[in-house]
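Residue numbers (the UniProt record's numbering): 1 to 445.
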């Protein structure tokens, strides 16, 4: 029994023939040769289309050429480098493009120009121009007119560093005049700015300082007044903006004198008188509306100045307005504006002097009831002391208020009867002390 027993490891075990197709059938031969033979490598499933080099490699490894199993793995003869070169050459020969063609710029943009600094070196950013600087701070003042007092010193210092030649001063005058007559409702701020710069710009060339150059620029438009009032709508619009700016300039521009207080430019007074004559010479709606705005703006100052000189120019202007209302073919609304202007002038341009205010009555002062309160009836109808039919009811309401609050407030609006020094009523004081004692007992344990 022991004679057929083999003690060697693995002895007596049956050798199983390999079933793998990659292993050769070697029978009882050397088993190591079985594992040295390998199956040919297969292509990965995500591999790109086979090329000729990949085909040759697979033949060397697997012994046989593999056919691509998918349509995108088919090898095309026209994808060779030589065919690609021929295709590119054909495109170049038939193309109309040129490497020497000029650069294309959209119509809304300007071509880029390389800027050169003063020292000759190239720079990537262009310097800010005076026009851009003026436009920037004018836009700021237009959007925030309340910041004028805070920013005007900085603006003047900045302009003094820019305006160093006669040419830049001329450019500044033109920019300020243009913007003051183009930007809507900017004539007031523009006139204030011009007045400040006339006293704070250091440059004063032989051709004239800032104020003199500004007045010369205004004179250029003044000389075209008779043509402008009869021009087209756009020309009249520009002329009306100029007239209103000149009115603001007359009120704001101060000419300092060493002997007395500042005075206004006398030349502007004469110019405004002639401009009104030009507007009335062609009494169309636009010209008349401009004249009304100018007189509302400067009428009181003009009349006072003319009266001091013994002139009756304002009486002549009012007489001419009344003739226009009767004869001119202007619209009904414009005639109403002219009539209200005449009424405003008859009330001394809405001004009430201190002496007259003390003796004001409803008969001699149209603004007598201006500061009186307004009440409403049960059906919502407003009424004031100026309404005759409600005068008794108005006084009744005022008396009722005095009955409700007889001594609640003093003359200066402060409380007069309710103060800390008043003594407390005895009954209230006793109740207060009792309340405090009960509260103290509740807190004790």
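Glycine included, C-beta positions come from ideal geometry on N, C-alpha and C.
All values derive from a computational prediction rather than experimental measurement.
One alpha carbon belongs to residue 184, the other to residue 324, and they sit about 28 Å apart. Between residue 299 and residue 349, the C-beta gap is smaller than 7 Å, which places the two residues in contact. Cβ-Cβ distances below 6 Å link residue 190 to 180 in the same chain, with the five nearest sequence neighbours on each side left out; the list follows chain order. Here residue 209 is not near residue 252, since their CB atoms are 7 Å or more apart. The beta carbon of residue 202 sits closer than 7 Å to the beta carbons of 160 from its chain, once the five residues preceding and following it are set aside; these are given in chain order. CA-CA distance, residue 87 to residue 93, rounds to 10 Å. In the three-state reduction of the DSSP assignment, residue 346 falls in the helix class, which pools H, G and I.
Taken atom to atom, the span from the alpha-carbon of residue 322 to that of residue 306 is near 20 Å.
Proximity to residue 157 across 197, 318, 98 and 346 peaks at 197, based on C-alpha coordinates. Non-local beta-carbon contacts of residue 132 in its own chain, meaning distances under 7 Å to residues more than five positions away in sequence, are absent.
Put simply, of 315, 437, 288 and 309 the residue whose alpha carbon is nearest the alpha carbon of residue 236 is 288. The beta carbon of residue 148 sits closer than 7 Å to those of 141, 189 and 192, all from its chain and outside the five residues before and after it, given in chain order. As the crow flies, the alpha-carbon of residue 81 is around 12 Å from that of residue 89. When DSSP states are grouped into helix, strand and coil, residue 96 belongs to the coil group.
When secondary structure is reduced to three states using DSSP, residue 204 falls in the coil class, being assigned neither helix nor strand.
Within the same chain, 189 come within 7 Å of residue 145 by CB-CB distance, once the 5 residues on both sides are set aside. Residue 311 and residue 269 have their alpha carbons spaced roughly 13 Å apart. Here the C-alpha atom of residue 266 lies approximately 15 Å from the C-alpha atom of residue 275. Per DSSP, the unbroken alpha helix (DSSP H) holding residue 217 starts and ends at 210–222. By a beta-carbon distance limit of 8 Å, residue 130 does not contact residue 103. Their separation comes to about 30 Å. Within a 10 Å sphere around the beta-carbon of residue 283 sit 16 or more other beta-carbons, which makes this residue buried.
Sequence-distant partners of residue 256 (beyond 5 residues in either direction) whose C-beta falls short of 6 Å from its own C-beta, in its chain, are 262. DSSP, read as helix, strand or coil, puts residue 312 in coil. Taking C-beta atoms under 8 Å as the contact rule, residue 239 and residue 228 qualify, at a distance of about 4 Å.
Note on geometry: alpha-carbon atoms of residue 346 and residue 128 lie some 53 Å from one another.
A residue is called buried once 16 or more other Cβ atoms fall within 10 Å of its Cβ, and residue 249 is buried on that count.
Its chain contains 247 as the residues whose beta carbon lies nearer than 6 Å to that of residue 297, once the 5 sequence neighbours on both sides are disregarded; these appear in chain order.
Counting every other CB atom within 10 Å of its CB across the protein chains shown gives residue 436 a total below 16, marking it as exposed.
Out of 163, 340, 174 and 301, the CA that lies nearest to the CA of residue 213 is found in 174. C-alpha of residue 155 to C-alpha of residue 138: approximately 10 Å in a straight line. Taken through DSSP and simplified to helix, strand or coil, residue 263 comes out as strand. Collapsing the DSSP output to three states places residue 183 in coil. With contacts defined as CB atoms closer than 7 Å, residue 271 and residue 279 fail to qualify as a contacting pair.
If you check the CB distance, residue 294 and residue 334 do not come in under 7 Å.
Residue pairing from DSSP leaves residue 324 without any beta-bridge partner.
Taking C-beta separations shorter than 6 Å and ignoring five residues to either side along the sequence, the partners of residue 134 in its chain run 175, following chain order.
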